[in-house]
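Visitor:
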Amino acid sequence: DAGITQSPRYKITETGRQVTLMCHQTWSHSYMFWYRQDLGHGLRLIYYSAAADITDKGEVPDGYVVSRSKTENFPLTLESATRSQTSVYFCASSGGQQASTDTQYFGPGTRLTVL
Amino acid sequence: QKEVEQNSGPLSVPEGAIASLNCTYSDRVSQSFFWYRQYSGKSPELIMSIYSNGDKEDGRFTAQLNKASQYVSLLIRDSQPSDSATYLCAVNQAAGNKLTFGGGTRVLVKP
Chain A
47 DAGITQSPRY KITETGRQVT LMCHQTWSHS YMFWYRQDLG HGLRLIYYSA
97 AADITDKGEV PDGYVVSRSK TENFPLTLES ATRSQTSVYF CASSGGQQAS
147 TDTQYFGPGT RLTVL
Chain B
67 QKEVEQNSGP LSVPEGAIAS LNCTYSDRVS QSFFWYRQYS GKSPELIMSI
117 YSNGDKEDGR FTAQLNKASQ YVSLLIRDSQ PSDSATYLCA VNQAAGNKLT
167 FGGGTRVLVK P
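Quick mapping for you: the protein sequence lines, in order, are chains A and B.
For reference, each letter of the first sequence is one residue, going 47 to 161 in my numbering.
For reference, each letter of the second sequence is one residue, going 67 to 177 in my numbering.
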């Protein structure tokens, strides 16, 4: 049971490049989320999705794009990376049968550095 | 603005003692409350969830909820060095399964 996975785990890129972070979950959870975590700011929600083809903005969506064509995948794209997007990115999911539907389970994270 | 507040710490406790962590929230309609533990360099992992006023115990952990005071706490009994981590309080929002996280309390358990 893989649960929720993220790839890559580490990424170094340059300013202006497009970067896509992948998130995959095997629980058939309906909800998926992208957070960024920075010192002094805690976890901040970037985008979330209630189901395939349904996405919505979170607290800090600028500079990011998401899509969800399949329930199990929720990629996050930085269209033109900036240094301020250097962060640790966590994907999470919720909405399964085994627990309260709003309990979120987190992936291992992607550490992104933009030079 | 919906807020979740925690003391950032560090909260330093001797091994074997009780660690007490506090969290206040501003949204009165919140119904679900969570405590996550996050080790340095790792992802948050769920410790406990609580939905009703009162206490909920799970092993060495006890969550306490007081909706009238908009307050949720976590007690860690018989603290161990392996409990040294940052503890995140999370509160649900009214819709969309979204959670609002506090900034976290760093706990240091000294042998």
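Glycine included, every Cβ here is placed at the ideal spot set by N, Cα and C.
#1: Mapping the DSSP letters down to three states, classify residue 130 (chain A) as helix, strand or coil.
#2: Using beta carbons (cut-off 9 Å, strictly below), is residue 111 (chain B) in contact with chain A?
#3: Taking 9 Å as the threshold (beta carbon to beta carbon), is residue 38 (chain B) in contact with chain A?
#4: Chain B partners of residue 140 (chain A), CB-CB under 9 Å?
#5: Does any residue of chain A bring its CB to less than 9 Å from the CB of residue 106 (chain B)?
#6: Is it buried or exposed, residue 164 (chain B), if we count other Cβ atoms within 10 angstroms and call 16 or more buried?
#7: To be precise: take each residue of the segment 71-82 of chain A, compare its Cβ to all Cβ atoms of chain B, and keep it if any distance is under 7 Å. Which residues remain?
#8: Residues bridged to residue 97 (chain A) by DSSP?
#9: Can you give the Cα-Cα distance for residue 104 (chain A) and residue 80 (chain A), rounded to whole angstroms?
#10: If you follow the beta strand (DSSP E) that residue 70 (chain A) is in, where does it begin and where does it stop?
#11: List the residues of chain B whose Cβ lies closer than 9 Å to the Cβ of residue 155 (chain A), in chain order.
#12: Name, going along the chain, the residues of the segment 119-150 of chain B whose beta-carbon falls closer than 7 Å to a beta-carbon of chain A.
#13: Going along chain A in order, which residues have a C-beta closer than 8 Å to the C-beta of residue 168 (chain B)?
#14: Leaving out five residues on either side along the sequence, give the residues of the same chain with a beta carbon under 6 Å from the beta carbon of residue 65 (chain A).
#15: Residues of chain A with CB under 9 Å from residue 92 (chain B), in chain order?
#16: Assuming residue 140 (chain A) and residue 131 (chain A) form a contact by the criterion Cβ under 8 Å, report the distance between their Cβ atoms to the nearest whole angstrom.
Guide: Taking the structure as given:
#1: helix
#2: yes
#3: As displayed, chain B neither begins before 67 nor continues past 177, which places residue 38 (chain B) out of reach and without an answer.
#4: 163, 165
#5: no
#6: buried
#7: 77
#8: A:100
#9: 9 Å
#10: 65-71
#11: 107, 108, 109
#12: none
#13: 88
#14: 59, 124, 127
#15: The premise fails here: residue 92 (chain B) is roughly 15 Å from chain A at the closest Cβ pair, so nothing lies under 9 Å.
#16: That belief does not hold up - the Cβ atoms of residue 140 (chain A) and residue 131 (chain A) are roughly 25 Å apart, past 8 Å.
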